[in-house]
Amino acid sequence: MRKLILALAAAGTMVGTAQAANIVETAAGAGNFNTLLAAAQAAGLADALASTDNITVFAPTDEAFAALPAGTVESLLLEENRDQLVAILTYHVLPRELRSTDLPGRSIPVRTLNTADLLQVSKSHGSVTVDGANVVAADIAASNGVIHVIDSVLLPDGDSH
1341 MRKLILALAA AGTMVGTAQA ANIVETAAGA GNFNTLLAAA QAAGLADALA
1391 STDNITVFAP TDEAFAALPA GTVESLLLEE NRDQLVAILT YHVLPRELRS
1441 TDLPGRSIPV RTLNTADLLQ VSKSHGSVTV DGANVVAADI AASNGVIHVI
1491 DSVLLPDGDS H
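With the working numbering, the residue at position 78 of the sequence shown is 1418, and numbering never jumps.
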């Protein structure tokens, strides 16, 4: 995890002061979000993640995607499962910036771009969880929002894996 945090910090500092990296560029620069970025591309969401202002992304690592049951990612990337993929990915995005410093010391519901379900975000003793997923790196600034790195993939039915 320390390596991931250092990579994210380096990605943020490699960008010139003239133009800060957007969420997609920041994630790509970190090198540990290849599956997330491939899924966003397959779902047709990569451009929106790069250009929409004031968003928060709970970003599962490649390791988090690898922990899903065998074949899950490959199945989600199929064209016939695009709606399901969009539902899962939009469940990881808030239509506003939410930093860990904004959280009270309790659980709060937050609405995602997938408006069918609410995420439960909890802060306790300095650690943050999102529907049971641990935030392993918080408040990574991008030009159009903030990224929180999580250790599992969130599923819209309220379960995380």
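Glycine residues also receive a C-beta, built at the ideal position from the N, C-alpha and C atoms.
What would DSSP say about residue i, mapped onto helix, strand or coil?
i: A1367; result: helix
i: N1374; result: helix
i: S1483; result: coil
i: N1421; result: helix
i: V1413; result: helix
i: A1388; result: helix
i: K1469; result: Checking the sequence, you will find Thr at residue 1469 rather than Lys. If DSSP states are grouped into helix, strand and coil, T1469 belongs with the strands.
i: A1380; result: helix
i: A1427; result: helix
i: S1440; result: helix
How should residue i be labelled, buried or exposed, when 16 other C-beta atoms within 10 angstroms of its C-beta is the threshold for buried?
i: D1471; result: buried
i: S1362; result: Reading off the sequence, residue 1362 comes out as Asn, not Ser. By the neighbour-count rule (16 or more Cβ atoms within 10 Å), N1362 is buried.
i: G1466; result: exposed
i: E1419; result: exposed
i: A1477; result: buried
i: A1482; result: buried
By alpha-carbon positions, which one of the options ends up nearest to residue i?
i: K1463; options: P1444, L1495, A1407, A1390; result: P1444
i: E1365; options: P1496, D1497, I1487; result: I1487
i: V1468; options: D1491, G1485, Q1381; result: D1491
i: P1496; options: D1387, A1456, A1482; result: A1456
i: L1416; options: S1483, A1380, A1388, A1370; result: A1380
i: S1391; options: A1370, A1360, D1442; result: A1360
Got a sec? Which residues, its chain only, sit under 7 Å from residue i by beta carbon, not counting five neighbours each side?
i: K1343; result: Annotation note: pLDDT 41 at K1343 (below 50); position unreliable, no value reported.
i: L1434; result: I1395, T1396, V1450, T1452
i: T1375; result: D1402, F1405, V1413
i: A1368; result: L1377
i: F1373; result: A1367, A1399, T1401, D1402
i: Q1424; result: L1416
Among residues of its own chain, excluding the 5 on either side of residue i, which ones have a beta-carbon nearer than 8 Å to its beta-carbon?
i: L1494; result: F1398, P1400, I1428, Y1431, H1432, L1459, V1470, D1471, A1473, S1500
i: R1422; result: A1382, A1383, G1384
i: A1410; result: none
Residue i and residue j look like a contact to me (Cβ under 8 Å); what is the Cβ gap, rounded to whole Å?
i: S1440; j: D1479; result: 5 Å
For residue i, which residues from the same chain have a beta carbon less than 6 Å from its beta carbon, with the 5 sequence-adjacent residues on both sides left out?
i: L1385; result: L1429
i: V1489; result: A1399, V1476, A1477
i: V1426; result: A1383
i: H1437; result: The sequence shown places Glu at residue 1437, rather than the His named in the question. Here the set comprises N1394, T1396, G1485, V1486.
i: D1442; result: none
i: D1387; result: none
i: V1461; result: I1448, V1450, V1470
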